[in-house]
Amino acid sequence: MTETDRHGLGPRIRVAALLPNEDALLLVEHEKAGRRYWLLPGGGVDYGESLADALRREVLEETGLDVAVGDVALVYDSLPPDRHRHIVNIGFWCTLLGGSLRKGDDLRLNRVRFVPSTELNALVMAPDLREPLMHLLAAPGTAQTVYLGNLWRDLP
-19 MTETDRHGLG PRIRVAALLP NEDALLLVEH EKAGRRYWLL PGGGVDYGES
31 LADALRREVL EETGLDVAVG DVALVYDSLP PDRHRHIVNI GFWCTLLGGS
81 LRKGDDLRLN RVRFVPSTEL NALVMAPDLR EPLMHLLAAP GTAQTVYLGN
131 LWRDLP
């Protein structure tokens, strides 16, 4: 048992949206400590909140879009070498219900946009989901759920 387990703490659960639009995918760009990186829109699940409710709330807050939450597409960990935190990420296929695309009020948000799949390889992503996303976008909704393991990496 680890020290955090003894204190009743455990991994943080983060939900993320895979929202394709033609040959593009909705992504948000964050900026922290002068570093910019792209990731799937989403965020933490509050105690007592369902995964789907958390994802709908987070996507609306970050992007202004209302989504329907579908099947799980991928699961991955973000676990740094020093183990100071542990995030379990669950990515769900989503479909657009409405809203207007806009950047939310979170100060970490720099941009929000549908990124064409041809541009994915040029992005700095944290965690680096470029390859799995390309695979999933090749046949959206048809691939089996994928567990990607620990994708932690330090940003350049």
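In this text, residue positions in the sequence shown follow this note's numbering: the first is -19, and each later residue adds one.
Yeah, the Cβ is synthetic: ideal placement off N, Cα and C, and Gly gets one too.
Looking at the strands, I want to know which residues DSSP matches up with residue i.
i	result
Met105	Trp18
Lys83	DSSP lists no partner for Lys83.
Quick check: what's the CA-CA separation for residue i versus residue j?
i	j	result
Met(-19)	Gly78	For Met(-19), the predicted model reports a pLDDT of 34, less than 50, meaning its position is unreliable and no value from the coordinates is stated.
Val(-5)	Asn69	6 Å
Arg65	Leu109	19 Å
Thr(-16)	Val25	Low confidence applies to Thr(-16): its pLDDT is 47, below 50, so where it sits in the model is not reliable, and the reading given next is rough at best. When rounded, the distance between both Cα atoms is 19 Å.
Asp57	Leu5	21 Å
Val92	Thr125	25 Å
Name the two residues that bound the continuous beta strand (DSSP E) containing residue i.
i	result
His10	Ala4 to Lys12
Ala118	Element bounds for Ala118: not the beta strand (DSSP E) but the alpha helix (DSSP H), Arg110 to Ala118.
Leu40	It is not in any beta strand (DSSP E) - Leu40 instead sits in the alpha helix (DSSP H) that spans Leu31 to Thr43.
Pro96	Leu89 to Pro96
Val25	Taken as a continuous stretch (DSSP letters only), Val25 belongs to no beta strand (DSSP E), as it is neither H nor E.
Gly129	Val126 to Asn130
Since I believe residue j is in contact with residue i (beta carbons under 8 Å), could you give me their beta-carbon distance rounded to a whole number of angstroms?
i	j	result
Leu81	Gly44	6 Å
Leu76	Pro107	Wrong, their Cβ atoms sit about 24 Å apart, outside the cutoff.
Is the number of C-beta pairs between the segment 22 to 33 and the segment 87 to 102 that are closer than 8 Å three or more? no
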